[in-house]
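K.L.:
Attaching a single structure in structure tokens format; questions to follow.
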Amino acid sequence: MPRLGPMRPALLRQVAIFVAVFVTMELLAVAGEKSFLLTQVTMSAYYTLVVLGLSLLMGYAGQISLGQAGFFAVGGYTSALLTTWDLSAQRSVGWVAGAARVGLLITRTDAFGAQVLTVHPWPALVCALVLTMTVAFVVGIPVLKLKGHYLAMATLGLGTIVYSIAVGTARLGAADGISGVPPFPFLPGIGVGGSTGARIVNYYVACGILAAVMLLLQNLVHSRVGRALRAIHGAEDAASAMGVDTPYFKVRTFVLGAALAGLAGVLLTHFNGAIGPSEASIMKSVKYLAIVAVGGMGSLWGTLAASMVLNFLSLRGYFGTLDDAVFGAILIVVMLFAPQGILAIDLRRALRLLRPVRGAPVDPR
Amino acid sequence: MSLAFFIQYLVAGITYGTIYAVVGMGFNIIYNTTGIINFAQGEFVMLGGMVAVSLHPHLPLPAAIAGAVLVTMAVGALIELIFIHWLSKPTVLRMIIVTIGISILIREAALLVWGHDVRVLPYFTGNEISSISLGGALISPQVIWAVAVCAVMVMLTTAFFQWTMLGRQMRACASNRVGAAVCGLPIRNLVTLSFALSAGMGALAGCVVCPITYTQYGMGTGLAIKGFTVAILGGLGNSLGAVAAGLLLGIVESFTVSALPAAYKDTVSIAILLGVLFLRPSGLFGAGAATRA
């Protein structure tokens, strides 16, 4: 990456901090005999992938999406369906036998001890990503011509369609979802999911994936593409007049965001061993939106921090039955008082306002 | 399909259609005065039904309904005063997110107060099994109540905007905010009023359909999507267009239920919404522009 020369020291420092924070968290959790907390951190890391995609779409391309949970579900359900669909009865059929011979299918033992023949998780991942990106591409072209309310409602509608398909289709487990999804063989001996004994391995795999995605996104936003996206956010007509192919960049970002959501869906489904329709619900999409709002649209590190903290608190159940209400309140408060995200609040200026003064009131600005 | 079945589905469609029409009009009233699409519109319908159900044991039915409408109007006005009144020039993205947050808060508050249970008001006249026969189809008297009340409400609202001073002031505010302000109209108060009016309409609709469709804390989102579909279909800001589109959507939905599994009922209206947005964003009757926003 020679053309990113001036960027690299800053990027390296950020990555070093990232690694240091996550290794410290792991060591502290293990030393404090609270390593069970790492399970929720791992899940938060996967949800963070979805949120990063949305942050890119909202902060850089300036487009809202209330359908992010839908893409998560498309990825997760595709992978879950393919890796649990037992094909052993069709073993003699030509294409099944052929696929099994080239390694696309594997024989494994399911939770009940029966031998099943299912799609290998890697080709299932590829299918899931291709499907998610295709859906995003096909839908994105007309949807991203819309703006403001129309875009919000259209993406909300898409999310609702995915949800009602998940709930209404018996093959997808209807209200129960799909369970018994096998661990994902990430590298030989290292899997996503499986027993609680593999908790620390899972944690580092998730952090590694998150770090890799962060690196790629940082490179993206500091490249020509990133500048084009910020130009679109700033003033779409002006960007268009300057020769930025606005529809192309918007659809591209939408597809990238969907791919990240789909990837998170696949990995989290393997990690949990199951997926249910609640993953596709509107409330999930709204939560992602709230997290991006807190982190600050367009601030990838802010979004990452907000996502890890809020997802962790939510998954540990700190908000109890008020979980949805907390996210609703967060949305309102952040949007009313700090629309640039809470990291953008200028604390020093705010504190200066509280300093006692003598004489006539002076505006510190 | 026999004639009786046809009429049965048609009447069911018209019943739902009138609700969609009222929600769509609610969207229009707020959109006209503020340029905001209020994503919490469906929650007003839910609140109306819920409050009426809670008041009914203590008050006669008409008083309970009037109370529910007033309470919901107050909630609508309060929402505007707390969250929107003091913002000077909010961006569209910001307002969308704020109203989404408001809709979640109302829904969660309703969940805390009324729980998961489905609530129901008694039939205004007759009961669950009384019916009127029309061409072989059996029609519940409550359906006639719902359609009649909504029709009167639409007419009164139209008359209000056409012929009263207040209505004209609100229209002035809609067509040119700056101009209206220059003429000395209290713009901000008119905006508060539009929220109250829109909330009241939703609440009344929520009361009259409560005996048929029941009321549950989470019903708002679906109604909001349908109301928005109707508002777009009729041309955003065009109230009579919304009525026509509402009836159309209700009837289309009702007949798709006869052909498709009920789980896909909502999918049909969303598909219509997306189709209209993609192909004819100005609506069937309007000349707005979805890309402008």
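Taken in sequence, the protein lines are chains A and B.
Numbering follows this note's numbering, with no gaps: position 172 of the first sequence is 163.
For any residue, its number in this note's numbering is found by taking its place in the second sequence, counting from 1, and adding 46.
Beta carbons are placed, not taken as given, at the ideal position from N, Cα and C, and that holds for glycine.
The structure displayed is predicted, hence computed values, not measured ones.
Cα separation between Ala245 (chain B) and Met119 (chain B)?
P.N.:
Within the second sequence, the letter at position 199 stands for residue 245 (chain B). Within the second sequence, the letter at position 73 stands for residue 119 (chain B). Each residue's alpha carbon lies about 5 Å from the other.
K.L.:
How would you call Leu3 (chain A), buried or exposed, if buried means at least 16 neighbouring beta carbons within 10 angstroms?
P.N.:
Position 12 of the first sequence, counted from the start, is the residue given in the question as residue 3 (chain A). When all chains shown are included, Leu3 (chain A) counts as exposed.
K.L.:
Would you verify that the beta carbon of Phe245 (chain A) is, or is not, closer than 8 Å to some beta carbon of chain B?
P.N.:
As a position in the first sequence, residue 245 (chain A) is number 254, starting the count at 1. Answer no: the Cβ-Cβ gap between Phe245 (chain A) and chain B never drops below 8 Å.
K.L.:
Residues of the region 282 to 310 of chain A with a CB closer than 7 Å to any CB of chain B: list them in chain order, please.
P.N.:
Hits within the stretch, in order: Ala284.
K.L.:
Does at least one heavy atom of the ligand FMN sit under 7 Å from the Cβ of Ala7 (chain A)?
P.N.:
As for the ligand FMN, it is missing from this structure, which has no ligand bound.
K.L.:
Run through chain E and tell me which residues come within less than 9 Å of Thr118 (chain B), C-beta to C-beta.
P.N.:
Annotation note: the requested chain E is absent from the structure, which comprises protein chains A and B.
K.L.:
Over the uninterrupted alpha helix (DSSP H) stretch that includes Val254 (chain B), give me the two end residues.
P.N.:
Within the second sequence, the letter at position 208 stands for residue 254 (chain B). That run of the alpha helix (DSSP H) goes 233 to 259.
K.L.:
Cutting at 8 Å between CB atoms, please list the residues of its own chain near Thr204 (chain B), excluding the five before and the five after it.
P.N.:
Start at 1 with the first residue of the second sequence, and residue 204 (chain B) comes out as number 158. Around Thr204 (chain B): Ser285, Leu286.
K.L.:
Go ahead and label Thr25 (chain A) buried or exposed: buried means 16 or more other beta carbons lie within 10 angstroms of its beta carbon, across all protein chains shown.
P.N.:
Position 34 of the first sequence, counting from 1, holds the residue named residue 25 (chain A). This sequence places Lys at residue 25 (chain A); Thr is not what is there. It counts as exposed.
K.L.:
Answer with yes or no whether the minimum CB distance from Thr237 (chain A) to chain B is below 8 Å.
P.N.:
Along the first sequence, one-based indexing puts residue 237 (chain A) at 246. It does not; no Cβ of chain B falls within 8 Å.
K.L.:
Below 8 Å, how does it come out for the region 277 to 284 of chain A and the region 317 to 335 of chain A: are there three or more Cβ pairs, yes or no?
P.N.:
Taking a cut-off of 8 Å for Cβ pairs, the region 277 to 284 of chain A and the region 317 to 335 of chain A touch, as three or more such pairs fall below it.
K.L.:
Could you check whether Ile181 (chain A) and Val192 (chain A) sit closer than 8 Å to each other, using their CB atoms as the reference points?
P.N.:
As a working mapping, residue 192 (chain A) is identified with position 201 in the first sequence. As a working mapping, residue 181 (chain A) is identified with position 190 in the first sequence. Yes. Within cutoff.
K.L.:
In the DSSP assignment, find the alpha helix (DSSP H) that holds Arg190 (chain A) and state where it starts and stops.
P.N.:
As a position in the first sequence, residue 190 (chain A) is number 199, starting the count at 1. Start and end: 190 to 212.
K.L.:
For chain B, check one thing: does any of its Cβ atoms lie closer than 8 Å to the Cβ of Val380 (chain A)?
P.N.:
Look at the range of chain A in this structure, -8 to 356, and you will see that residue 380 (chain A) is not part of it.
K.L.:
Judging by CA-CA distance, which residue of B:Ile233, B:Ile185, B:Gln208, B:Thr210 is the nearest neighbour of Cys219 (chain B)?
P.N.:
Taking the second sequence and counting its residues from 1, the one referred to as residue 219 (chain B) is at position 173. The shortest C-alpha separation from Cys219 (chain B) is found at B:Ile233.
K.L.:
Between the beta-carbon of Leu167 (chain B) and the beta-carbon of His104 (chain B), is there less than 8 Å?
P.N.:
On the second sequence, position 121 is the one that residue 167 (chain B) refers to. On the second sequence, position 58 is the one that residue 104 (chain B) refers to. Cβ distance not < 8 Å, so Leu167 (chain B) and His104 (chain B) don't count as in contact.
K.L.:
Run down chain B in chain order and give the residues with a C-beta less than 7 Å from the C-beta of Ile370 (chain A).
P.N.:
Residue coverage of chain A in this structure runs from -8 to 356, which leaves residue 370 (chain A) outside it and unanswerable.
K.L.:
Of all the options A:Val129, A:Val12, A:Met16, which has the alpha carbon lying nearest to the alpha carbon of Tyr239 (chain A)?
P.N.:
To locate residue 239 (chain A), count along the first sequence from 1; it is residue 248. Minimum Cα distance to Tyr239 (chain A) is reached at A:Val129.
K.L.:
Using a cut-off of 7 Å between C-beta atoms, extract the partners of Thr259 (chain B) located in chain A.
P.N.:
For the purposes of this step, residue 259 (chain B) is identified with residue 213 of the second sequence, where counting begins at 1. Within chain A, no residue comes near Thr259 (chain B); the closest Cβ sits about 18 Å away, beyond 7 Å.
K.L.:
Would you mind working out which of B:Gly248, B:Leu231, B:Val314 sits nearest Val303 (chain B), comparing C-alpha positions?
P.N.:
Counted from its first residue, the second sequence places residue 303 (chain B) at position 257. That would be B:Val314, whose Cα lies nearest to the Cα of Val303 (chain B).
K.L.:
Using Cβ-Cβ distances below 7 Å, what residues of the region 126 to 160 of chain A are close to chain B?
P.N.:
Cβ contacts with chain B: Pro133, Lys136, Leu137, Lys138, Gly139, His140, Tyr141, Ala143, Met144, Ala145, Leu147, Gly148, Thr151, Ile152, Ser155, Val158, Gly159.
K.L.:
Between which residues of its own chain and Ala52 (chain A) is the CB-CB distance below 8 Å, once the five residues before and five after are set aside?
P.N.:
Residue numbering aside, residue 52 (chain A) sits at position 61 when the first sequence is read from its first letter. Leu220, Ile223, His224, Phe240, Lys241, Thr244, Phe245.
K.L.:
Under 8 Å between the Cβ atoms of Met71 (chain B) and Val200 (chain B)?
P.N.:
Locating residue 71 (chain B) in the second sequence gives position 25, where the first residue counts as 1. Locating residue 200 (chain B) in the second sequence gives position 154, where the first residue counts as 1. Yes, the pair counts as a contact, with Cβ atoms nearer than the cut-off.
K.L.:
Tell me the rounded alpha-carbon separation between Ile266 (chain A) and His140 (chain A).
P.N.:
As a working note, residue 266 (chain A) is residue 275 in the first sequence. As a working note, residue 140 (chain A) is residue 149 in the first sequence. Distance between the alpha carbons of Ile266 (chain A) and His140 (chain A) is about 30 Å.
K.L.:
List the residues that DSSP assigns as beta-bridge partners of Thr109 (chain A).
P.N.:
On the first sequence, residue 109 (chain A) is found 118 positions in, with the first residue counted as 1. Beta-bridge pairing links Thr109 (chain A) to A:Ile97.
K.L.:
Can you give the beta carbon distance from Ile273 (chain A) to Thr267 (chain B), rounded, assuming they're within the 8 Å contact cut?
P.N.:
Taking the first residue of the first sequence as 1, we reach residue 273 (chain A) at position 282. Taking the first residue of the second sequence as 1, we reach residue 267 (chain B) at position 221. Confirmed, about 6 Å.
K.L.:
Determine, using beta carbons only, whether Pro268 (chain A) comes closer than 8 Å to chain B.
P.N.:
Along the first sequence, one-based indexing puts residue 268 (chain A) at 277. It does not; no Cβ of chain B falls within 8 Å.
K.L.:
Taking buried to mean at least 16 other C-beta atoms within 10 Å of its own C-beta, is His261 (chain A) buried or exposed?
P.N.:
Residue 261 (chain A) sits at position 270 when you count from the first residue of the first sequence. His261 (chain A) is buried by the Cβ-count criterion.
K.L.:
What does the alpha-carbon distance come out to for the pair Ser221 (chain B) and Val68 (chain B)?
P.N.:
In the second sequence, residue 221 (chain B) corresponds to position 175, counting from 1. In the second sequence, residue 68 (chain B) corresponds to position 22, counting from 1. When rounded, the distance between both Cα atoms is 22 Å.
K.L.:
Using 8 Å for Cβ pairs, my map puts Ala50 (chain B) next to Gly161 (chain B). What's the rounded Cβ distance?
P.N.:
Counted from its first residue, the second sequence places residue 50 (chain B) at position 4. Counted from its first residue, the second sequence places residue 161 (chain B) at position 115. The Cβ separation is near 39 Å, so there is no contact.
K.L.:
So, is the C-beta of Thr299 (chain B) closer than 8 Å to a C-beta in chain A?
P.N.:
Taking the first residue of the second sequence as 1, we reach residue 299 (chain B) at position 253. With the sequence shown as reference, residue 299 (chain B) is identified as Glu, and Thr is not the correct amino acid for it. No, Glu299 (chain B) does not count as interfacial toward chain A.
K.L.:
Within 10 angstroms of its Cβ, does Ala71 (chain A) collect 16 or more other Cβ (buried), or is it exposed?
P.N.:
One-based indexing of the first sequence puts residue 71 (chain A) at position 80. That one is buried.
K.L.:
Which class does Ser170 (chain A) belong to by DSSP, given the choice of helix, strand or coil?
P.N.:
Here the question's residue 170 (chain A) lines up with position 179 in the first sequence. In the structure shown, Ser170 (chain A) sits in a strand (DSSP, three-state: E or B).
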